[in-house]
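Structure first, then comments.
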Amino acid sequence: MDRKRSCTLCEGAVMLLLLGHMTTGLEVPLDPKVLEGLPQPPTITHQSPKDYIIDPRENIIIHCEAKGKPHPSFSWTRNGTHFDVEKDSKVIMKPNSGTLVIDISGEKAEAYEGVYQCIARNEHGSALSSNIVIRQSRSPLWSKEKNEPITVQRGMSLVLQCRPPAGLPPPIIFWMDNNFQRLPQNSRVSQALNGDLYFSNVLMEDNRSDYICYARFPHTQTIQQKQPITVNVLDIEAMNDTVLAAFLNGSDFWGDSPSGERAPTFMHPTGTHSTTMVLKGDTLELECIADGLPTPDISWTKVVGELPSGRFSFHNFQKTLKITEVTEEDGGDYRCLAKNRLGNNHHTITVAVRAAPFWISAPQNLILAPKETGMLTCRVGGNPTPKVTWSVNGIPIENSHKDPSRKIEDGVIILSDVQTGSSAVYQCNASNEYGYLLANAFVSVLAEPPRVLTPPNHVYLVITNRRALLDCASFGSPLPKITWFKDSQSILDGDSYIIHKNGTLEISVAQSLNSGKYTCMASNNLGNKENHVYLEVKEPTRILTQPGYNVVHRNSMAVFECKVKHDPTLFPSMIWLKDNGELPDDPRFEVGPDNLTIRDVTEDDEGTYTCIRNTTLDHDSASATLRVVEKPDPPTDLELTDQRERSVRLTWIPGDENNSPINLFLIQYEDSLHEPGVWHNMTSVSGTSITSQLDLSPYVYYSFRVLALNDVGPSEPSAPSRQYRTNPAQPDMNPSDVEVIGTSPDSMTITWRELTGLESNGPGLQYKVSWRMKDADRWTSLTLANVSQYMVTGTPTFELYEVTVQAVNDYGPGPRPEVVLGYSGEDLPTVAPENIEVSVQNGTVAEVRWDAVPLSTVQGRLKGYKVSYWKMRSLHKQDSEPEKPQALIFSGNETEVRLPGLHPYSQYALNIRAFNGKGDGPTSSDKQFETPEGVPGPPTHLKVRNLNLDSLILEWAPPLEDNGHLTGYLLKYQSFNTTDELGPIKEVTLPANETSITLDNLKYSTRYKFYLNAMTVKGSGPAVTEEAVTIMDEAPPAGRMFGSVNSSVEEDHAVISWEYSWPDRNVYVEYVVDNSKEPWKTEFVNGTRTYQLRGLKPGMSYRVRVVAKDHSDATVHSTEELLITVPAMTNKQVDIATQGWFIGLMCAIALLILVLLIVCFIKRNKGGKYPVKEKEDAHQDPEIQPMKEDDGTFGEYSDTEDHKPLKGSRTPSNGTVKKDDSDDSLVDYGEGGDGQFNEDGSFIGQYSGKKEKDTAEGNESSEAPSPVNAMNSFV
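In the numbering used here, each residue carries its 1-based index in the sequence shown increased by 257.
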């Protein structure tokens, strides 16, 4: 009873949150103890359906449950009058409930049919259930009848009527034969909605005597059977009159018209138009069945508009149109069209949609404070329009007592200035001819100060950038107003915060700055109540290194990475899945802290692998696919077809691709006649081909094999094909690469590429070599074998010859050879070039001319001239030795060239010689010349020092290359700003012996660029440049000097760039956390206009500015503040379980425990008493079993299967293993109850005996831990 009272209080307290003028239901969890004693009018919580069909074989149970405070009492009416339950011994009412149980044993159920209604009352009002109509289910027997055989002419239509007995609910109809097999149905034969069997046209196969209609009554699970119907189908055209008369004797003849083909007509519904009605929300079923021969096809359309998308379907071979969840728009005309090749016919069905009453706005419970105003609204729809009436506590409102605070306007009850004690239950009843609705809504008048039901000091945890909901469940009458505070600052409903009607505070996108203490205050005119809660915003769990798509070779290793960043206070677990299931129980699968390794990969390992990293607040997952590839299997079944003298077709069957498509097939051959055992590549075809036409050569013993190639590599070769031999023939080709080489002045060598055995085409291969001088009449010939060259001696020097090489075998010569031209050997040129002239152009270029040597003296092909020249000395400096000669080669007959790259003001010498293919001719005599002065090289360096406000010192060194006599230096300088705008150039000419200068009267805080050139009489040489900035003055110019400021943000840093039109010597970047009172952090910028801020916290927002300061560290220029937000990413955490020192520590502890176990067992075998044994004797744990005498084992230390890790489990090394409940607790052996396990499963605490035992056990009180439990702590 107390439990029911608590539940009732809870349910009543929920309604207290409905306070307000027009309050709707709001469900929040409330504490029944806090709300005990609050009143509530009755509310019906459960009742039987309005139309209740009962089974006459079972007791009648009519449900009626209600809640309220105090708990309501119950009464019933039957057929509109009071139903006295106590006077009927067959009827009982359940305790604390209105549910009736009617025992109908020995009684007829019909006696209790009728209309029942339940009333639940307490001192605050009465609630009514709906009218519950009780009817007994009925499954009457089929009336006895004799069905005469039906005779029908082939091709005519037929209807077999079922006409089942009326039942409650209606039966389900189906047709079967004597063997209880359903009769086949199709577009010609089908069952109508009313159960009749329709034949659009009958065939001879329809002739049978067991058409049986069955009716199944679902409520009683009984089946009734109609007498079988016999159908005789006649083919009158094939029968004479005598046979026909005898056949028709004693049977009904169906059809009196010809049985030939005909256009469709409608069997059901008949005519061209019919109407039907359907209720809104029900399912509409329209049916059209037509006769005709051939069998008509049925189609459906809506006359106006389209069939409702997604809600219509066709059934019964297109003969039935079904529309679900009917709406008013589904009313109108629907047309079914029956069509065959002889014509068509249509039938129009007009659908009228009516509606039983339905709620538009049902009345809601109302809880009001004294003096408040409320309103009960009852809006319903229906067709026709329902009639709406109001009752109070079950009494029509017009017959109830007059209440001045209540008035009715347009069906709405308005309650104003309500008083304590005016609680009541109002009923709204809406009805039309198709049904009715009844709703209860109570009005409870209550005055209560506010109470906050959310537990105090509750800590809410949420992930960054997710929604945070802080509860403030409250109640009170009037409805309390909820106000939130953070750190004593009031929170207003806005973009960052949303305060819901139930008092919940929502932070749409939680950030770390939202962490802290929050206070909610519930207040009404009777008082205030505060509650404090806390919010902690955690960093999200993110997989940084995701597993990637893996394509690996069979028997190799696959590795999937899964590295995660997470909040330091959260500890993620890792789960690996394969194809959304557990990993195989296979030692080849190794799960590491941040990866999954699969060794010796097989084809079965293929699939999708998913890494899931979970914390208590969030998770992240990533998937990748593993594909195992291998070289393809070799082709098989090589076959030679289409065999000809010079070709054959090779066909094969490809092997398995092994997950990598075959790119091409490589065909190889072996010539067992000429090169046995050597395989040559012959041709290749695409990977989709399985055949190739091969061109063959004569006199070859061919064997073929095929290799398949994919992206992994080539397959093993296929088995060789059978041998295919070709007949010998004369050569098809001559040797190639014929060449004539002059080897010496009186000989030449003729070379060629020999034919291979495949190219010889027959036995006895030889080469016929022929040669003659150009335009001579007679050829000289020689036949050779097994050689590729021949030297012809006694030739004149460098004469043109014609040469041919022809292949010959035992079957004849090859084709006519091509003539190749070549020269006999060369000799060295005999004459040097003469009349050499040098024309110096400037200090670095000179032109050289000479006379060409006579061609008769070249004794070969003139390839060109070699000009050698070298610098003998400098005319300005005394060089230690001349430079090495340089040689320039000029091809052909060129006799006028330029010598570049000379040094100015120097003395040079040169000589020239002709050369041919044999070598160089004699050298000419040396020719000397001098180069004039040139411009000097750049000064060696330029440095700036002693920078002041308006002066500086420039220092330099002379150029390395004077190229003449230095006449001085030219210094130019100009100022420029950050936009590269240049000032006017100033020039200073300096003597040759100067190497420094002091520049005065410069502008302070100005960047200058300096250009320094050395000079000779020929002009200025290249300049050396340098930049410098004079020191900033104490009073820089005012105004806006900074331009635009830009930023780019990464996961842990930001890059700031800016424009500044003043020197950059004292520029700083300052930043501070947004909405923080911390001082600005400053970082110095070293002369650049781009800076990288590091060490920013992920998920935080910062304000950033760039400032320029003077020598006193005062800010003189500043940019506007820039707001940047760093993406929310977590720092990498190191898994302690993977650290070497931790693994070593665990191994040491395990070894120590093993030693303790050995010592314990030795002592026990000796019979000695050790601390664990004393502990057992003292505790006398009933679960500890004595030693088993039969096998000598220790029952208390026996290892069970529960201690073993689950087979196939895959958890990281830092996963926690839960201690089995049946084991002794290590806490029992520690000091007090503070023993606990840390994250990796090891025990924290001292292994010592309990303090209570110290006195009793003396020196032996310091006990060792249970060996099994100590081991279990590391399992």
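Even for Gly, the Cβ is constructed at its ideal location relative to N, Cα and C.
Bear in mind that the values here come from a model prediction, so they are computed numbers and not experimental data.
Secondary structure of residue i, DSSP reduced to three states
| i | result |
| --- | --- |
| residue 1416 | helix |
| residue 910 | strand |
| residue 463 | helix |
| residue 724 | coil |
| residue 1242 | coil |
| residue 1297 | coil |
| residue 1187 | strand |
| residue 928 | strand |
| residue 401 | coil |
| residue 309 | strand |
| residue 1117 | coil |
| residue 770 | helix |
Exposure of residue i, with buried meaning 16 or more beta-carbon neighbours within 10 Å
| i | result |
| --- | --- |
| residue 524 | buried |
| residue 374 | buried |
| residue 530 | exposed |
| residue 675 | buried |
| residue 1442 | Only weak support is given to the placement of residue 1442: the predicted model assigns it a pLDDT of 40, under 50, and the question is left unresolved by the model. |
| residue 454 | buried |
| residue 795 | buried |
| residue 1405 | exposed |
| residue 857 | exposed |
| residue 860 | exposed |
| residue 369 | buried |
| residue 1036 | exposed |
| residue 1338 | exposed |
| residue 1389 | At residue 1389 the pLDDT is 47, less than 50, meaning the model places this residue with poor confidence; the figure from the coordinates comes in the next sentence. Flag for residue 1389 reads exposed. |
| residue 1301 | exposed |
| residue 1134 | exposed |
Host beta strand (DSSP E) of residue i (start-end)
| i | result |
| --- | --- |
| residue 550 | 546-550 |
| residue 826 | Note, residue 826: premise wrong, no beta strand (DSSP E); not H, not E. |
| residue 1342 | 1338-1342 |
| residue 559 | 554-559 |
| residue 871 | 864-871 |
| residue 575 | Run containing residue 575: none; DSSP gives neither H nor E here. |
| residue 994 | 993-1001 |
Spatially closest choice to residue i from the options, by CA coordinates
| i | options | result |
| --- | --- | --- |
| residue 755 | 733, 731, 726 | 726 |
| residue 410 | 863, 380, 459 | 459 |
| residue 486 | 1186, 547, 416, 457 | 416 |
| residue 521 | 602, 1109, 1380 | 602 |
| residue 1267 | 1360, 1052, 1045, 1254 | 1254 |
| residue 307 | 420, 694, 1337 | 694 |
| residue 1327 | 1358, 1298, 1363, 1308 | 1363 |
| residue 837 | 865, 1258, 845 | 865 |
| residue 528 | 545, 534, 541 | 545 |
| residue 1142 | 1282, 1167, 885 | 1167 |
Spatial neighbours of residue i in its chain, beta-carbon cut-off 6 angstroms, leaving aside the 5 residues before and after
| i | result |
| --- | --- |
| residue 927 | 936, 960 |
| residue 957 | 928, 983, 1015 |
| residue 1177 | 1170 |
| residue 1491 | In this prediction, residue 1491 has a pLDDT of 42, which is less than 50 and means its spatial position is unreliable; what the coordinates show is noted afterwards. Nothing listed; no residue qualifies. |
Other residues of its chain near residue i: CB distance less than 7 angstroms, five sequence neighbours each side excluded
| i | result |
| --- | --- |
| residue 382 | 298, 299, 650, 680, 681, 682, 699 |
First and last residue of the uninterrupted alpha helix (DSSP H) at residue i
| i | result |
| --- | --- |
| residue 1015 | 1014-1017 |
Same chain only: Cβ atoms within 8 angstroms of residue i, ignoring 5 sequence neighbours per side
| i | result |
| --- | --- |
| residue 750 | 756 |
| residue 425 | 310, 392, 393, 394, 395, 476 |
| residue 575 | 444, 554, 555, 556, 557 |
| residue 1385 | 721, 722, 796, 797, 1355, 1356 |
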